[in-house]
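Residue 207 is where the sequence shown ends in my numbering, and the numbering goes up by one at each step.
Ideal placement from N, C-alpha and C gives every residue a C-beta, glycine not left out.
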Amino acid sequence: MHLEQLIVEDCFHGFGLVETWRDVVTYFDIESLIKCDAWKELVYITPNTDFLASGYDHREKRVAQPENWDALLKEKDGEESGAEVQMWITPENGGSSVQENVEARPWAAQPGNVVIEDMSLATTDQDLRGEVRIVARRGRCAPYIQMGLSQNRTWKELKVKEGGFTQDDWKPYYNDMADAIGWIYGGWGRRMQLANAALNY
């Protein structure tokens with residue numbers, strides 16, 4: 007895969023999707039995309055700040071952003087390469103459904119579970135709510151191509167493989183039966199809908 011720009015919509019948050027585990031899933035969805043090599047510019051759009059600001063994090067592996075994602079990309083492409091990761095928030099307009107003259111602004115935050123333990127760590131905009139866009143740009147001259155054949159298989163072999171593009175030892179992760187159902191009817195179902203829409207565009 008060799009993309010000038012990759013735009014991803016958060017499929018784990020939206021109307022009727024309220025399970026707290028999806029906050030952590032979205033966070034690591036973003037991080038895994040930042041780590042991959044398929045794009046020159048990545049834009050990840052999520053409808054709220056819960057992926058980072060929520061107090062739920064059973065793994066306790068989220069860290070302050072975007073500074074750590076920015077450092078990750080700079081380590082990969084070089085400090086002076088121009089690589090960067092920014093987060094932009096369009097703040098909710100005081101509970102009004104009309105978003106008039108509301109401009110996106112830079113946003114940074116600590117994980118909500120960290121702030122619960124120590125309020126002094128909260129950023130100035132920690133409590134802002136609204137749509138967030140994570141924008142990542144690769145450095146100058148950075149190679150951006152994702153081969154996708156990490157298991158040394160052809161596309162033909164991958165397409166006919168039972169379970170699709172999963173690794174041989176991969177098993178779905180979930181906390182309980184509610185989470186297990188969430189894999190089918192929640193975010194993954196939404197992602198399948200988005201994929202089908204893209205493929206049939």
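Collapsed DSSP secondary structure at lysine 41 in the structure displayed | For this step, residue 41 is matched to residue 35 along the sequence shown. Here lysine 41 sits in helix by DSSP.
Host beta strand (DSSP E) of isoleucine 140 (start-end) = Mapped onto the sequence shown, residue 140 falls at position 134. Unbroken beta strand (DSSP E) run through isoleucine 140: 136–143.
Can you find at least 3 beta carbon pairs, one from the region 140–150 and one from the region 39–51, that sit closer than 8 Å?
-> yes
Answer with buried or exposed for phenylalanine 18, where buried requires no fewer than 16 other C-beta atoms within 10 angstroms of its C-beta.
-> Numbered from its first residue, the sequence shown carries residue 18 at position 12. By the 10 Å Cβ count, phenylalanine 18 comes out buried.
When Asp29, Pro149 and Ala70 are compared against glycine 84, the one with the closest alpha-carbon = Locating residue 84 in the sequence shown gives position 78, counting from the first residue. Nearest option by C-alpha distance: Pro149.
Opposing strand residues paired with alanine 115 [DSSP bridges] = As a working mapping, residue 115 is identified with position 109 in the sequence shown. Partner(s): Gln71.
Do leucine 58 and proline 228 come within 7 Å of each other at the CB atom, strictly closer than that value?
-> Residue 228 cannot be examined here, being either before or after the span of the chain that is shown, 7 to 207.
Taking DSSP as the reference, what is the three-state secondary structure of isoleucine 122?
-> For this step, residue 122 is matched to residue 116 along the sequence shown. Note: isoleucine 122 maps to helix in three-state DSSP.
Put tyrosine 33 into one of helix, strand or coil per three-state DSSP.
-> Here residue 33 is taken as the residue at index 27 of the sequence shown, counted from 1. Tyrosine 33: helix per DSSP, three-state reduction.
Close beta carbons around alanine 115, own chain, < 6 Å, minus the five adjacent residues each side = Position 109 of the sequence shown, counting from 1, holds the residue named residue 115. So the list reads Leu58, Ala59, Thr129 and Gln132, once near-sequence residues are dropped.
DSSP-derived helix/strand/coil call for valine 91 = Reading the sequence shown from its first residue, position 85 is the one you call residue 91. Three-state DSSP puts valine 91 in a strand.
What residue does the alpha helix (DSSP H) around glutamine 58 start on, and which one ends it?
-> If you number the sequence shown from 1, residue 58 lands on position 52. Correcting the residue type first, residue 58 is leucine in the shown sequence and not glutamine. Where leucine 58 is concerned, the enclosing alpha helix (DSSP H) stretches over 56–59.
Measure from the C-beta of aspartate 63 to each C-beta in chain B and report whether the shortest distance is under 7 Å.
-> Given the protein chain composition of this structure (a single chain), no chain B is represented.
Looking at C-alpha atoms only, which residue of Trp45, Trp94 and Lys41 is the closest neighbour of valine 108?
-> Here the question's residue 108 lines up with position 102 in the sequence shown. With distances taken between CA atoms, valine 108 lies nearest to Trp94 out of Trp45, Trp94 and Lys41.
Rank Gln11, Val166, Lys162 and Gln152 by C-alpha distance to the C-alpha of lysine 5 and give the top, closest one.
-> Any question about residue 5 goes unanswered here, given that the chain covers just 7 to 207.
Same chain, Cβ closer than 6 Å to alanine 70, neighbours up to 5 away in sequence not counted = On the sequence shown, position 64 is the one that residue 70 refers to. Gln116.
Identify the continuous beta strand (DSSP E) that holds isoleucine 13 and give its terminal residues.
-> As a working note, residue 13 is residue 7 in the sequence shown. 9–15 is the extent of the beta strand (DSSP E) around isoleucine 13.
Starting from proline 97, follow its DSSP beta bridges and name the residues at the other end.
-> In the sequence shown, counting from the first residue as 1, residue 97 sits at position 91. The partner list for proline 97 (beta bridge, DSSP) reads Gly136.
With 16 other Cβ atoms within 10 Å as the buried cut-off, status of aspartate 124 = Counting from one through the sequence shown, the residue named residue 124 turns up at place 118. With fewer than 16 other Cβ atoms within 10 Å, it is exposed.
DSSP three-state assignment for glutamate 109, whether helix, strand or coil | Your numbering for residue 109 matches position 103 in the sequence shown. Note: glutamate 109 maps to coil in three-state DSSP.
Would you kindly work out how many angstroms separate the C-alpha atoms of tryptophan 45 and histidine 8, rounded to a whole number?
-> One-based indexing of the sequence shown puts residue 45 at position 39. One-based indexing of the sequence shown puts residue 8 at position 2. If you take the alpha carbons of tryptophan 45 and histidine 8, they lie about 6 Å apart.
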